[in-house]
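J.: Counted the way the working numbering counts, the sequence shown spans residues 976 to 1244. C-beta atoms are modelled at their ideal positions from N, C-alpha and C, and glycine is treated no differently. Here you go, one structure.
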Amino acid sequence: MISLGRTRAGSAPILANPVEVRGEWHAPPRSAALVIGRMREACCSGIRMVSDRQPQILRIGNCPAGPPAVWLHRDASDTAIIHVDVGERAWTQLAYQFGHELGHVVSNSWDSEAKPSAPCQWVEEMIAESFSLRGLANLAAAWERTPPFPGDAGYGKEISHYRDNILAQYNQIASSQGLGTSSSWFTRNRSALEGFVGLSDHAKAAVSILLPALMARSALLEDIGALNRWPERAALPLDAYLSRWRASCKSLGSAGLLPDLIKTTICSR
């Protein structure tokens, strides 16, 4: 096991404590831990951590047997366990996968009770994906300024290119669904959105709307720390889900702007 990562003195444990890296990486585990630490910093930059349900420890394993996921477990109750599936020194792929799963952890989806559920899991998936893509933009810029490995500043452009390709795919999906031109996109696609417990093409299309708002106002992301602090989690109708989220924001002292933004910019289309 390797424990490494940038820390923020006085920050929430999810940011201040080192990450733990386990498993076979086909590269020095210390290097993987360094990239993970950088991506954690990039994803959480400019965000106030408001949740009272965050883990003390982040443990990341490379697990080629399955897709990237947060492993919901009953063992170490203070530990969030993230599984990724990356190739040798595939640092951009590692950062992207880790960033998405970290988005779930920050959304309080990491313990044994955090099973994804319809009909509102799509909201969290859209947020987690936007969280990761925002993080990749920050990581690319930071990598060019201060690369984690000597003489590797140019890799920042590869990170940007990887991110741009993902966004181009999502924009194409959104265009094919008429998201930019139709006033009834959500109504027409609601069943597909709510019926898929994962990152569906419809949730990817919605990322094309949400991500620019988060890039412009990173403070919106503090509200994700108020997600899933009620027993039903995502297993509520949309209006009830957003209402619980707003109430949770209020109880934690966050602004509560993100649930309203999603309601007005995505669910009204």
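Counting along the chain, where does the alpha helix (DSSP H) carrying V998 start and finish?
T.: Indexing the sequence shown from 1 puts residue 998 at position 23. Looking at the sequence itself, residue 998 is Gly, so the reference to Val does not match. No alpha helix (DSSP H) contains G998, which is instead part of the beta strand (DSSP E) from 994 to 998.
J.: Skipping 5 residues on each side, what residues in its chain have a beta carbon closer than 6 Å to that of C1224?
T.: Taking the sequence shown and counting its residues from 1, the one referred to as residue 1224 is at position 249. Within the same chain, C1224 has close Cβ partners D1198, A1201, G1231.
J.: Just checking, does the segment 1082 to 1092 make contact with the segment 1045 to 1056 on the three C-beta pairs under 8 Å criterion?
T.: The segment 1082 to 1092 is in contact with the segment 1045 to 1056.
J.: Compare the C-alpha of D1053 against each of N1083, G1036, F1073 and name the closest.
T.: Position 78 of the sequence shown, counted from the start, is the residue given in the question as residue 1053. Cα-wise, what sits closest to D1053 is N1083.
J.: So, helix, strand or coil for N1113, using DSSP?
T.: On the sequence shown, position 138 is the one that residue 1113 refers to. Note: N1113 maps to helix in three-state DSSP.
J.: Can you check whether the CB of S1158 is closer than 8 Å to the CB of L1168?
T.: For the purposes of this step, residue 1168 is taken as residue 193 along the sequence shown, with counting starting at 1. For the purposes of this step, residue 1158 is taken as residue 183 along the sequence shown, with counting starting at 1. Not in contact: L1168 and S1158 (Cβ atoms no closer than 8 Å).
J.: What's the C-alpha gap between E999 and V1182?
T.: As a position in the sequence shown, residue 999 is number 24, starting the count at 1. As a position in the sequence shown, residue 1182 is number 207, starting the count at 1. Whole-angstrom Cα-Cα distance: 32 Å.
J.: For a test of the three-state rule: what should DSSP assign to V1061, helix, strand or coil?
T.: For the purposes of this step, residue 1061 is identified with residue 86 of the sequence shown, where counting begins at 1. Coil, per DSSP.
J.: Look at the alpha carbon of S1105 and the alpha carbon of S1006, and state the distance between them as a whole number of angstroms.
T.: One-based indexing of the sequence shown puts residue 1105 at position 130. One-based indexing of the sequence shown puts residue 1006 at position 31. So the alpha carbons of these two residues sit roughly 25 Å apart.
J.: Rounded to whole angstroms, how far is the Cβ of P1123 from the Cβ of L1009, which I believe are closer than 8 Å?
T.: Working through the sequence shown from its first residue, we reach residue 1123 at position 148. Working through the sequence shown from its first residue, we reach residue 1009 at position 34. Going by Cβ atoms, the distance from P1123 to L1009 rounds to 5 Å, so yes, they are a contact pair.
J.: On the DSSP bridge list, what partners appear for T1054?
T.: In the sequence shown, the residue the question calls residue 1054 occupies position 79. Bridge partners of T1054: I1032.
J.: If you compare alpha carbons, which of I1011, I1035, A1222, L1217 is closest to T1239?
T.: Working through the sequence shown from its first residue, we reach residue 1239 at position 264. Considering only alpha carbons, the answer is L1217.
J.: Which parts of the segment 1095 to 1181 are runs of the alpha helix (DSSP H), unbroken and 4 residues or longer, counting only runs that do not cross its ends?
T.: Taking only runs of at least 4 residues, the alpha helix (DSSP H) segments lying wholly in the segment 1095 to 1181 are 1096 to 1120, 1130 to 1151, 1160 to 1170.
J.: In terms of alpha-carbon separation, which member of A1149, I1102, G1170 lies closest to N1203?
T.: Indexing the sequence shown from 1 puts residue 1203 at position 228. It is I1102.
J.: According to DSSP, is A1044 helix, strand or coil?
T.: For the purposes of this step, residue 1044 is taken as the residue at position 69 of the sequence shown. Residue state, collapsed to three classes: strand.
J.: Return the bridge partner residues of N1037 from the DSSP annotation.
T.: The count along the sequence shown starts at 1 and reaches residue 1037 at position 62. N1037 is bridged to G998, V1059.
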